[in-house]
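Visitor: Residue numbers (the numbering used here): 471 to 743. Cβ coordinates follow ideal geometry from the N, Cα and C atoms, glycine included.
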Ligand SMILES: [Zn+2]
């Protein structure tokens with residue numbers, strides 16, 4: 471079987487080595503994993519998840535009396551935190567998820583990207599997606615890159631025309647740097663073609679599939695003092711217990727089929743020596 475997420479990681483390593491604007495990215499801090507996404511369903515092909523943001527400032531929810539406007543009750547203080555994910559001893563800072571099989575079946579001819587790549591083959595759309603997700607990594611500070619507008623303020627969303635055009639430039643820059651076709655040839659194949667060639671498509675996923683590490687809420691213990699000047703009832707905050715630390719042990723391989731996926735049992739895992 472082809473290890474699809476490994477192939478994408480290796481391609482990303484080659485891209486950051488060849489495209490100067492992405493050379494700040496340390497791929498040992500970027501984990502590529504697969505999520506479920508059917509080809510015939512709407513949704514993203516891939517997503518960039520930042521997991522190196524510091525905890526939020528402490529906050530609380532509150533309720534006001536509609537007539538008088540006074541605070542009648544508030545929740546306990548809480549913060550939101552990023553999960554910790556590490557591979558070996560290396561902490562992961564960003565995760566890039568690909569939706570399978572939707573990603574490998576994407577067609578340029580059905581996409582808005584087509585205007586930028588007229589007459590080019592379908593797999594260029596997949597390369598565009600890969601560069602797009604890498605470009606979301608902010609070079610200045612932990613987080614998703616913010617796009618500055620002409621007036622010096624930041625765009626409300628993290629895309630905008632310039633983002634998409636920068637991605638097209640980087641795709642062309644990569645291809646004109648004469649990369650080894652063996653690094654990117656897997657993009658030319660859809661799910662059916664890869665199944666025929668390799669007997670199946672496998673990818674790294676979290677054991678908790680379809681869930682994966684996400685930012686979570688934590689009630690502060692001990693609780694700070696009440697906000698200044700506010701005396702009201704304090705409601706306990708019920709937050710779901712979530713796993714907050716992940717390692718290699720939480721990663722498993724899954725095989726992706728057109729309509730479903732199944733976890734693969736690692737052969738030899740339980741064998742002595
Ligand atoms: Zn995006």
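Assign residue 617 to one of three DSSP states: helix, strand, or coil.
Guide: Your numbering for residue 617 matches position 147 in the chain shown. Three-state result, residue 617: coil.
Visitor: Residue 603: buried (16+ other C-beta within 10 angstroms of its C-beta) or exposed?
Guide: What you label residue 603 is simply residue 133 of the chain shown in a count that begins at 1. Buried.
Visitor: Determine the burial state of residue 519: buried for a count of at least 16 other Cβ atoms within 10 Å of its Cβ, exposed for fewer.
Guide: What you label residue 519 is simply residue 49 of the chain shown in a count that begins at 1. It counts as buried.
Visitor: Output needed for residue 582: all residues of its chain with C-beta closer than 6 Å, excluding positions within five of it in sequence on either side, in chain order.
Guide: Locating residue 582 in the chain shown gives position 112, where the first residue counts as 1. Cβ within range, chain order: n/a, list empty.
Visitor: Is it true that the CB of residue 675 sits closer than 8 Å to the CB of residue 504?
Guide: The residue you call residue 504 lines up with position 34 of the chain shown. The residue you call residue 675 lines up with position 205 of the chain shown. Cβ distance < 8 Å, so residue 504 and residue 675 count as in contact.
Visitor: Taking 8 Å as the limit between beta carbons, can you name the residues of its chain near residue 577, skipping five residues before and five after?
Guide: As a working mapping, residue 577 is identified with position 107 in the chain shown. Within the same chain, residue 577 has close Cβ partners 592, 595.
Visitor: Can you say whether residue 538 is buried or exposed, counting buried as having 16 or more other CB atoms within 10 angstroms of its CB?
Guide: To locate residue 538, count along the chain shown from 1; it is residue 68. Per the 10 Å Cβ criterion, exposed.
Visitor: Decide yes or no for the touch test of the segment 717-735 against the segment 658-676: beta carbon pairs closer than 8 Å, at least 3 of them.
Guide: Yes: at least three Cβ pairs fall under 8 Å.
Visitor: Is residue 567 helix, strand or coil when you go by DSSP?
Guide: Taking the first residue of the chain shown as position 1, residue 567 is located at position 97. In the structure shown, residue 567 sits in a strand (DSSP, three-state: E or B).
Visitor: Is residue 586 near ligand 1 - that is, is its Cβ less than 7 Å away from at least one heavy atom of it?
Guide: Taking the chain shown and counting its residues from 1, one reaches residue 586 at position 116. Incorrect: residue 586 has no Cβ contact closer than 7 Å to ligand 1.
Visitor: Excluding five sequence neighbours on each side, which residues of the same chain lie with their C-beta closer than 7 Å to the C-beta of residue 689?
Guide: For the purposes of this step, residue 689 is taken as the residue at position 219 of the chain shown. Same-chain partners within the cutoff: 546, 548, 707, 709.
Visitor: Around the C-beta of residue 566, are 16 or more other C-beta atoms found within 10 angstroms, so that it is buried, or is it exposed?
Guide: Counting from one through the chain shown, the residue named residue 566 turns up at place 96. Counting Cβ neighbours within 10 Å, residue 566 comes out buried, since at least 16 surround it.
Visitor: Please report how far the alpha carbon of residue 536 lies from the alpha carbon of residue 512, in whole angstroms.
Guide: By 1-based counting over the chain shown, the position of residue 536 is 66. By 1-based counting over the chain shown, the position of residue 512 is 42. Cα to Cα, the separation comes out at about 41 Å.
Visitor: Please state whether DSSP places residue 742 in a helix, a strand or coil.
Guide: As a first step, residue 742 is located in the chain shown; it is residue number 272 there, counting from the start. Annotation note: pLDDT 44 at residue 742 (below 50); position unreliable, coordinate value reported separately. Residue state, collapsed to three classes: coil.
Visitor: Return the residue from the list 711, 631, 613, 731 that minimises the CA-CA distance to residue 524.
Guide: If you number the chain shown from 1, residue 524 lands on position 54. Checked all of 711, 631, 613, 731; the closest Cα to residue 524 is 613.
Visitor: Mapping the DSSP letters down to three states, classify residue 504 as helix, strand or coil.
Guide: In the chain shown, the residue the question calls residue 504 occupies position 34. Note: residue 504 maps to strand in three-state DSSP.
Visitor: Return the residue from the list 635, 481, 599, 488 that minimises the CA-CA distance to residue 653.
Guide: Counted from its first residue, the chain shown places residue 653 at position 183. Of the listed residues, the one whose Cα sits closest to residue 653 is 481.
Visitor: What three-state label does DSSP hand residue 529 in the structure shown?
Guide: Translated into positions along the chain shown, residue 529 becomes position 59. Note: residue 529 maps to strand in three-state DSSP.
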